[in-house]
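Below: the structure, in structure tokens.
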Amino acid sequence: MSSIITVDGPVASGKGTVARQVAEALGFHLLDSGAIYRAHALACLSRKINFNEIKILEEQAQALSLKFIGETIWLDGADATAEVRSEAIGLAASTLSAIPEVRAALLQRQRDFAVAPGLVADGRDMGTIVFPNASLKIYLTATAHVRAERRARQIAKQHVAYKAAQRLAAGETMSAKQLIDKGKSPTIMSLLETIRAHVPDEVEDTLRRDVEAMIRRRDSQDKSRAIAPLKPALDAIVIDNAEHSPSETVNVVLSLWKLRSAAL
Ligand code: DC
Numbered sequence: 034m035s036s037i038i039t040v041d042g043p044v045a046s047g048k049g050t051v052a053r054q055v056a057e058a059l060g061f062h063l064l065d066s067g068a069i070y071r072a073h074a075l076a077c078l079s080r081k082i083n084f085n086e087i088k089i090l091e092e093q094a095q096a097l098s099l100k101f102i103g104e105t106i107w108l109d110g111a112d113a114t115a116e117v118r119s120e121a122i123g124l125a126a127s128t129l130s131a132i133p134e135v136r137a138a139l140l141q142r143q144r145d146f147a148v149a150p151g152l153v154a155d156g157r158d159m160g161t162i163v164f165p166n167a168s169l170k171i172y173l174t175a176t177a178h179v180r181a182e183r184r185a186r187q188i189a190k191q192h193v194a195y196k197a198a199q200r201l202a203a204g205e206t207m208s209a210k211q212l213i214d215k216g217k218s219p220t221i222m223s224l225l226e227t228i229r230a231h232v233p234d235e236v237e238d239t240l241r242r243d244v245e246a247m248i249r250r251r252d253s254q255d256k257s258r259a260i261a262p263l264k265p266a267l268d269a270i271v272i273d274n275a276e277h278s279p280s281e282t283v284n285v286v287l288s289l290w291k292l293r294s295a296a297l
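Set out below in structure tokens:
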């Protein structure tokens, strides 16, 4: 199948968001390959498999019972989305994904996503190893500092939204009452905006520093491993998106695809 777009890049480079929006715009399937490695890591940790037991780690990769339904990730028949997306599981996935037997066991599962009308695949080695013949290869990047700021903001938002939902459920949210008084619906998003103003800067700063340290560690593991290291394919278009919003990057990718697909 020729309609494959690969989007590779390091942690928090925006590849997940960009890949999802490009897939939606084109009506293509989406492969979040990181989620497969993460689900494998979670399955191994839940079963308390030792990270030195290569044969068992490989068997677990082959036997992985995993399904993506919309944004939900089902592992062993249960909704594992939140755990799979956690930073701790990301780091464990980074460690386990350096094992050649694990990568080999998960390769065909990823290639099976390439079905009509097309696929947008996001990961670390989509353009180099999994889909070397993809028609368009993108490599997204930004400095670790910028990526840490983005990820810290995302985590803070999730935390604030969670707290807002808890307060709303307990009926003790002032801002909800104020919104109702104003005749507005107290959606989580509007609550978020109100409560967001009260997250102290120091909390975000500490979070950003922690996240940056984690990002640097994961970048270094992913780039230095012997097999399928994170790097742009020779024919990839490298986009530094530090100064761009996700929608600007999406538009650039869609324009590139228009040019490329006209020539197919
Ligand atoms: O993209 P992510 O953060 O969800 O990926 C989690 C880890 O999985 C990443 O640090 C390395 C590994 N991974 C990989 O080795 N190859 C891929 N194609 C995708 C992810």
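Heads up, the sequence shown is in this note's numbering, so the first residue is 34 and it goes up one at a time. Virtual Cβ for every residue (Gly too), placed ideally from N, Cα, C.
Item	Value
Between the alpha carbons of Arg142 and Val244, how many angstroms are there, rounded?	30 Å
If you reduce the DSSP assignment to three classes, tell me which class Thr176 lands in.	coil
Can you list, in chain order, the residues of its chain with a C-beta nearer than 7 Å to that of Ala185? Leave out the 5 residues immediately preceding and following it.	Glu237, Leu240, Arg241, Val244
Where does Gln263 land, buried or exposed, given buried means 16+ other C-beta within 10 angstroms?	First, the residue type needs correcting, since residue 263 is Leu and not Gln in the sequence shown. With 16 or more Cβ atoms within 10 Å of its Cβ, Leu263 is classed as buried.
Does DSSP put His62 in a helix, in a strand, or in coil?	strand
Rounded to whole angstroms, what is the Cα-Cα separation between Lys217 and Val135?	Unreliable positioning characterises Lys217 in this predicted model, as indicated by a pLDDT of 49, which lies under 50. The coordinate reading is nonetheless provided below. Taking the straight line from one Cα to the other gives about 51 Å.
In terms of alpha-carbon separation, which member of Thr128, Glu57, Ile89, Ala76 lies closest to Asp109?	Ala76
Report whether the distance from the Cβ of Arg53 to the nearest heavy atom of ligand 1 is below 7 Å.	no
Nearest to Asp158 by CA position, among Lys48, Ser294, Val283, Lys291, is which residue?	Lys48
Smallest Cα separation from Val179: which of Ala113, His277, Ile69, Ser36?	His277
In the DSSP assignment, the beta strand (DSSP E) including Thr105 goes from what residue to what residue?	105-108
How big is the Cα-Cα spacing for Val163 and Leu287?	22 Å
Pull up the DSSP beta-bridge partners for Ile272, would you.	Leu173
For Ile82, which residues in the same chain have their Cβ closer than 7 Å to its Cβ, ignoring the five residues on either side in sequence?	Ile89, Leu90, Gln93
Give me the DSSP bridge partner(s) of Lys100.	Trp107
Could you confirm whether any beta carbon from chain B is found closer than 8 Å to the beta carbon of Asp268?	The displayed structure is made up of one protein chain only, and chain B is not part of it.
Nearest CA to the CA of Ile87: which residue from Gly103, Thr128, Leu124, Phe101?	Thr128
Taking 8 Å as the cut-off, decide whether the C-beta atoms of Lys170 and Gly156 are in contact.	no
Suppose the cutoff is 7 Å on Cβ atoms and the five residues either side in sequence are ignored; what does the same chain contact list for Thr50 look like?	Pro279
Which same chain residues end up closer than 6 Å to Ala269 when comparing Cβ atoms and leaving out the 5 residues on each side of it in sequence?	Gly160, Lys170, Tyr172
Do you know how far the Cα of Asn85 is from the Cα of Ala56?	37 Å
Going by alpha carbons, who is nearest to Ser130 out of Gln54, Asp112, Ala68?	Ala68
How big is the Cα-Cα spacing for Leu124 and Ile188?	16 Å
Would you check if the distance between the CB atom of Ser46 and the CB atom of Thr174 is smaller than 8 Å?	yes
How many angstroms separate the CA atom of Leu78 from the CA atom of Phe101?	20 Å
So what does Asp41 bridge to, in DSSP terms?	Gly156, Tyr172
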